[in-house]
Amino acid sequence: MSSSRNNGLCVKELEVKYKNEELALGRVDFTLPEHGIYTILGPSGSGKSTLLRAVSGLLPEYRGELLFNGQSLREQDILIGLVPQNYGLLPWKTVKANIRVAMKIANPKGQDRRSQEAQIDRWLSAMGILELADRYPLSLSGGQQQRVAIARAFAIMPSILLLDEPFSALDAITREVLQQLFLEHWQASPATALFVTHDVDEAILLGQKIIVLPSSKSEAPEIMDNEAVFGLEHGQKRASDAFFDQIKRIRKVMQEKW
């Protein structure tokens with residue numbers, strides 16, 4: 001049995017190369033505690049999405065180690081939820097059917113139909129989109145589609161949750177609403193979460209720590225504590241001194257490493 005200090009996602013000297021041996025991701029080291037949430041910032045090409053693909057299992061070839069609760073991530077039967085930037089919804093399936101497909105993949109033996117439907121309705125209600133259950137993705141707005149994607153990710157009850165710039169294509173008001181909605185439901189049903197973003201404010205609002213990837217693959221990422229902001233009520237964060245201080249610190253790192 002792993003000790004509590006080993007619990008969570010441990011990334012040890014993770015390195016990914018393209019076929020031409022060029023680095024796609026330099027050596028990355030960090031430990032994300034179980035049920036913690038870290039946000040990831042980095043310039044284009046720094047390896048943000050590559051890091052998520054390696055953790056998700058979509059990128060099987062890499063150097064280094066990926067551990068979860070002290071054991072190899074690849075040798076465990078762990079549910080991993082993914083919320084991609086492009087929503088990842090099946091256009092020929094209704095909203096409810098999209099979530100049902102994900103639940104079936106996550107648990108092939110399945111729940112009884114009544115329990116499954118209740119769980120789907122619970123998450124659609126939580127995201128404020130129960131009335132869209134029988135609609136098709138292409139008939140929905142971007143914000144509505146992203147709510148479906150978040151509901152789908154939570155409905156499978158993942159141990160690890162990966163989010164790849166999920167709100168970047170949304171307008172500012174919709175983005176702020178979904179940031180708060182996501183955080184509220186992550187706190188109610190916590191998973192060990194990595195959240196990639198290109199938005200400094202979003203990284204500060206949502207992360208217990210912030211990983212800033214450099215433009216140079218030979219440099220180590222900067223890992224910044226953010227508890228002074230994260231521990232505040234969500235509505236108080238933007239107006240706090242800690243929020244503005246963190247913006248200054250991150251921009252300084254960006255100037256030095258980007």
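Under full-length UniProt numbering, residues 1 to 258 are what the sequence shown spells out, in order.
Glycine is no exception: its CB is placed at the ideal position from the N, C-alpha and C atoms.
These figures come from a predicted structure and were not determined experimentally.
**Report entry** Buried or exposed (CB count within 10 angstroms, at least 16 for buried), residue 144
**Finding:** Along the sequence shown, read from residue 1 onward, the residue named residue 144 stands at position 144. Label assigned to residue 144: buried.
Query raised in the report: At which residue ranges does the stretch 66 to 144 contain complete alpha helix (DSSP H) runs of 4 or more residues, listed in the order of the chain?
Result: At a cut-off of 4 residues, the continuous stretches assigned as alpha helix (DSSP H) that sit fully inside the stretch 66 to 144 are 95 to 106, 113 to 126.
Query raised in the report: Beta-carbon separation of residue 189 and residue 154 under 8 Å?
Result: Start at 1 with the first residue of the sequence shown, and residue 189 comes out as number 189. Start at 1 with the first residue of the sequence shown, and residue 154 comes out as number 154. Cβ atoms of residue 189 and residue 154: closer than 8 Å.
Query - Segment limits, alpha helix (DSSP H) that includes residue 19 - result: Locating residue 19 in the sequence shown gives position 19, where the first residue counts as 1. Per DSSP, residue 19 belongs to no alpha helix (DSSP H) and is neither H nor E.
Report task. List the endpoints of the continuous alpha helix (DSSP H) containing residue 176. Result -> Counting from one through the sequence shown, the residue named residue 176 turns up at place 176. Residue 176: member of the alpha helix (DSSP H) spanning 172 to 188, first to last residue.
**Report entry** Reference residue 205, options 186, 193, 180, 218, closest by Cα
**Finding:** Position 205 of the sequence shown, counted from the start, is the residue given in the question as residue 205. Among 186, 193, 180, 218, the Cα nearest to that of residue 205 is on 180.
Query raised in the report: Who are the Cβ neighbours of residue 59 in its own chain at under 6 Å, not counting the five residues just before and after it?
Result: As a position in the sequence shown, residue 59 is number 59, starting the count at 1. By the criterion of a C-beta distance shorter than 6 Å, residue 59 is surrounded in its chain by 53, once the five residues flanking it on both sides are discounted.
Requested in this report: Tell me whether the beta-carbon of residue 217 lies closer than 8 Å to the beta-carbon of residue 38.
Outcome: Taking the sequence shown and counting its residues from 1, the one referred to as residue 217 is at position 217. Taking the sequence shown and counting its residues from 1, the one referred to as residue 38 is at position 38. Contact annotation: residue 217 and residue 38 have beta-carbon atoms that are not nearer than 8 Å.
**Report entry** Check whether residue 178 and residue 135 have beta carbons under 8 Å apart
**Finding:** Residue numbering aside, residue 178 sits at position 178 when the sequence shown is read from its first letter. Residue numbering aside, residue 135 sits at position 135 when the sequence shown is read from its first letter. Between residue 178 and residue 135, the CB-CB gap reaches or exceeds 8 Å.
Query raised in the report: Where DSSP assigns a beta bridge to residue 63, which residues make up the other side?
Result: Translated into positions along the sequence shown, residue 63 becomes position 63. DSSP lists 15 as partners of residue 63.
Query - CB-CB length for residue 106 against residue 156, believed under 8 Å - result: The residue given as residue 106 occupies position 106 in the sequence shown. The residue given as residue 156 occupies position 156 in the sequence shown. Confirmed, about 4 Å.
Query raised in the report: Three-state secondary structure (DSSP) at residue 206?
Result: Locating residue 206 in the sequence shown gives position 206, where the first residue counts as 1. Helix.
Report task. Note down the Cα distance separating residue 94 from residue 171, rounded to an integer number of angstroms. Result -> For this step, residue 94 is matched to residue 94 along the sequence shown. For this step, residue 171 is matched to residue 171 along the sequence shown. Each residue's Cα considered, the two are about 24 Å apart.
Query - Minimum C-alpha distance to residue 214 - residue among 22, 45, 150 - result: For this step, residue 214 is matched to residue 214 along the sequence shown. Among 22, 45, 150, the Cα nearest to that of residue 214 belongs to 45.
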